[in-house]
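Novice:
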DNA sequence: CCAGACGTTGTT
DNA sequence: GTCTGG
DNA sequence: CCAGACGTTGTT
DNA sequence: GTCTGG
């Protein structure tokens, strides 16, 4: 699945690659984005694109209790499940990233790995977003990252991975008019060989740690 | 009709 | 909100 | 995803 | 064990 990820590029590069107006929030490179935190997402806004912060964790609009929300949505069922269907149909977003973490679990340990694109550069995860409001509280926005089966790169570590939207499909993903059968063709594992893994320090386990040394290969 | 569920991950 | 189960 | 907490009484 | 917070 995808429970932590990285966005280490600088603001200028992100703005250029995602073709959005200048950022209206305080951007900083991130080495350990965790559920519950605010993170940049790209969505349609009045016909154009905009990048803004949303909380990682989607709370369905009908839920009156604020929980942490759902950080992932299964791509295999997202179009049908009541919690996600409406967001999938009308509120899709791109989640800028340049890598993600997965933990390999065995009987004795949980070992973190960082995956980054073999070709380098920025990625888009496929996201959906939702807004919700409780009486007396401000409107909140949250997003979830779609997951799919692990490809050959990830499978040795974990059986799920985030859906990656190829650069030439980003516009289709954001376009509310894209037919469902076209969207379905995007919800597939990334090609084998497109990601490279490195084992990293368990310091990444703590969501409070967020610095460049997290990306260094662990010894051993 | 109303009541209750609605989700992901992993694990056993 | 919207669907399923009773 | 992992880390860390996990309680009681009364009162406003 | 299970929930909340980040």
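Residue numbers (my numbering): -15 to 204. Cβ atoms here follow ideal geometry from the backbone N, Cα and C, with glycine treated the same way.
Sorted by chain position, which residues of the same chain lie with C-beta nearer than 6 Å to residue 94's C-beta, five sequence neighbours on each side aside?
Specialist: Closer than 6 Å at the Cβ level, and outside the excluded window around residue 94, lie 87.
Novice: Between residue 147 and the rest of its own chain, which residues show a CB-CB distance below 6 Å, the 5 nearest in sequence each way excluded?
Specialist: Same-chain partners within the cutoff: 59, 110, 130, 132, 171.
Novice: Once the 5 residues before and after residue 15 are set aside, which same chain residues still bring their CB inside 7 Å of it?
Specialist: Cβ within range, chain order: -10, -8, 194, 195, 196, 198, 199.
Novice: Any idea which residues DSSP pairs residue 108 with across the strands?
Specialist: Looking at the DSSP assignment, residue 108 forms a beta bridge with 80.
Novice: Starting from residue 26, trace the beta strand (DSSP E) both ways and give me its first and last residue.
Specialist: Note, residue 26: beta strand (DSSP E), 22 to 29.
Novice: Which of the three DSSP states, helix, strand or coil, is assigned to residue 9?
Specialist: Residue state, collapsed to three classes: coil.
Novice: DSSP on residue 63, reduced to helix/strand/coil?
Specialist: Coil.
Novice: Could you give the DSSP three-state label for residue 151: helix, strand or coil?
Specialist: Here residue 151 sits in helix by DSSP.
Novice: Return the chain-ordered list of same chain residues with a C-beta closer than 7 Å to the C-beta of residue 182, the five sequence neighbours on each side being excluded.
Specialist: Correct list, in chain order: 97, 98, 201.
Novice: Determine the closest residue to residue 21 out of 7, 42, 1, with distance taken between C-alpha atoms.
Specialist: Ranking the options by Cα distance to residue 21, first place goes to 42.
Novice: Since I believe residue 118 is in contact with residue 48 (beta carbons under 8 Å), could you give me their beta-carbon distance rounded to a whole number of angstroms?
Specialist: Right, the Cβ-Cβ distance comes to about 6 Å (below 8 Å), so this counts as a contact.
Novice: Does the Cβ of residue 136 have 16 or more other Cβ atoms within 10 Å, making it buried, or fewer, making it exposed?
Specialist: When all chains shown are included, residue 136 counts as exposed.
Novice: Can you tell me whether residue -1 is helix, strand or coil according to DSSP?
Specialist: Reduced to three states, the DSSP call for residue -1 is helix.
Novice: State the Cα-Cα distance for the pair residue 90 and residue 55, rounded to the nearest angstrom.
Specialist: Going from the Cα of residue 90 to the Cα of residue 55 covers about 23 Å.
Novice: What do you reckon, are the CB atoms on residue 211 and residue 160 nearer than 7 Å?
Specialist: One cannot answer for residue 211 here, as it falls past the ends of the chain, which runs -15 to 204.
Novice: Taking C-beta to C-beta, are residue 208 and residue 11 nearer than 7 Å?
Specialist: In the structure as shown, the chain starts at -15 and stops at 204, and residue 208 therefore has no counterpart that could be examined.
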